[in-house]
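Each remark here refers to the structure printed beneath this line.
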Amino acid sequence: MELKSRNPRVIVDPLPTLALSSTVMAYTTPKSFPSMGSLYLNSPKKKPLPGKIEEVRAAGWLDLMLASSPTCKRQNKDFINDVQEDDLDLQYHNWMVKYPSALTSFEAITGLAKGKRLVLFFDYDGTLSPIVDNPENAIMSDEMRDAVRYVASLFPTAIISGRSRDKVFDFVKLSELYYAGSHGMDIMGPIRKSEFSGQHVKCIRSTDSKGKEVNLFQPASEFLPMISEVFNKLGETVKNIDGAKMEDNKFCVSVHYRNVAPHDYAEVHQRVTAVLRNYPCLRLTHGRKVLEVRPVIDWNKGKAVEFLLESLGLSEKEDVVPIYVGDDKTDEDAFKVLKANNLGFGILVSSVPKDTDAFYSLRDSIQVMEFLKKLAFWKEEST
Ligand SMILES: [Mg+2]
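Heads up, the sequence shown is in full-length UniProt numbering, so the first residue is 1 and it goes up one at a time.
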């Protein structure tokens, strides 16, 4: 009650948009699905008021949560007929004209990279591992691990994930890579060759598990006690919602809803935002079947890319071509940085059309693996 009376604003990311036309979206909405109005809070229907903008935003979030749920996709499959599936295929292929496959454009990519130094950045979930129902089971295949090890032996390679750095390392198990966890807010990298010019620089010397000296960069370290408190509060508030799963990613907190029944999505969103009203320093973002809470600081995966390039002594070098491969909205920050600086390019992993700042696309993690192998073979053949 007290929270509502204060009514502070919860900071959320702008809602991502799909590149599908509204007609196509209408076709793909299953008819048996409850309407947004009935899903959201069961409140009596009223004319929208200027003060109700947050409710409208919440409905938008619900659209997003429903659209990315596996149940919705299954129901979509049941309801759309072959003609509509062909329509979606057509939409995807039209989209690929703008964002061509990195596999079919491989010669163009290697033409650009010839005689230059490639640097590789990868997201983890949905990029190097498939999206699975239980986030704890997002295991990387041995074949993918071999492919990543292979490219890392030829190019500087880093993984930038929303998960905690330790957890990503446990999944990947390759000590030759650089790791940035918590959306780049927890970076373990090489000793920097020059000073990073950004703000919030909190780089400390440390040692990795093998005793090698490394730099540890944690721009949001002062938020740790608050994040820990919010993790406990969110865990308490969603604990009796079937399928809701919490994940502590050190500098961010994830509330996974991929196993929650769609009729409970409104409840998950409402309870999470109710807790966050007391924490204006934290923001809510939406990933693939996950709500994420993180500090409001001027830091993201794009800044992490810049930081790592600087640390590696590879920033502002004309012969360096960074490639970032990712599937999530948070990866767009990295795509933007590469695009804005005319530095390398992003590759979006997606099987549906999306607005993106990437230049190329790959359909899924299987195609990512294929791309890595091709890149490694090309490098070995060309040297
Ligand atoms: Mg991802």
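Every residue gets a Cβ at the ideal spot worked out from N, C-alpha and C, and that includes glycine.
Using DSSP with H/G/I as helix, E/B as strand and the rest coil, what is residue i?
i, result
"residue 267", "helix"
"residue 100", "coil"
"residue 158", "strand"
"residue 7", "Unreliable positioning characterises residue 7 in this predicted model, as indicated by a pLDDT of 47, which lies under 50. The coordinate reading is nonetheless provided below. Coil at residue 7, not helix or strand."
"residue 328", "coil"
"residue 133", "coil"
"residue 366", "helix"
"residue 175", "coil"
"residue 170", "helix"
"residue 125", "strand"
"residue 313", "coil"
"residue 241", "coil"
"residue 300", "coil"
"residue 113", "helix"
"residue 228", "helix"
"residue 140", "coil"
"residue 273", "helix"
Give me whichever residues DSSP pairs with residue i in a beta bridge.
i, result
"residue 292", "254 and 285"
"residue 321", "118"
"residue 279", "Its beta-bridge partners do not exist; DSSP assigns none."
"residue 205", "215"
"residue 248", "253"
"residue 180", "160 and 187"
"residue 361", "101 and 348"
One question on the structure: do residue i and residue j come within less than 7 angstroms of each other, judged by their Cβ atoms?
i, j, result
"residue 347", "residue 358", "yes"
"residue 66", "residue 262", "yes"
"residue 120", "residue 151", "yes"
"residue 311", "residue 189", "yes"
"residue 344", "residue 322", "yes"
"residue 260", "residue 272", "no"
"residue 250", "residue 161", "no"
"residue 326", "residue 123", "yes"
"residue 290", "residue 284", "no"
"residue 103", "residue 335", "no"
"residue 101", "residue 365", "no"
"residue 439", "residue 248", "For the chain, the structure presents residues 1 to 383; residue 439 sits outside this window and is missing."
"residue 353", "residue 92", "yes"
"residue 146", "residue 138", "no"
"residue 106", "residue 374", "yes"
"residue 252", "residue 153", "no"
For residue i, does the count of other Cβ atoms within 10 angstroms reach 16, so buried, or fall short, so exposed?
i, result
"residue 245", "buried"
"residue 300", "buried"
"residue 175", "exposed"
"residue 97", "exposed"
"residue 108", "exposed"
"residue 116", "exposed"
"residue 307", "buried"
"residue 157", "buried"
"residue 295", "buried"
"residue 239", "exposed"
"residue 148", "buried"
"residue 368", "buried"
"residue 205", "exposed"
"residue 282", "buried"
"residue 225", "exposed"
"residue 383", "exposed"
"residue 185", "buried"
"residue 217", "buried"
"residue 315", "buried"
Would you say the beta carbon of residue i comes nearer than 6 angstroms to a heavy atom of ligand 2?
i, result
"residue 313", "No copy of ligand 2 occurs in the structure displayed; its ligands are ligand 1 alone."
My parser needs the alpha helix (DSSP H) runs of 4 or more residues fully inside the segment 331 to 357; what are they? Here the runs fully enclosed are 332 to 340.
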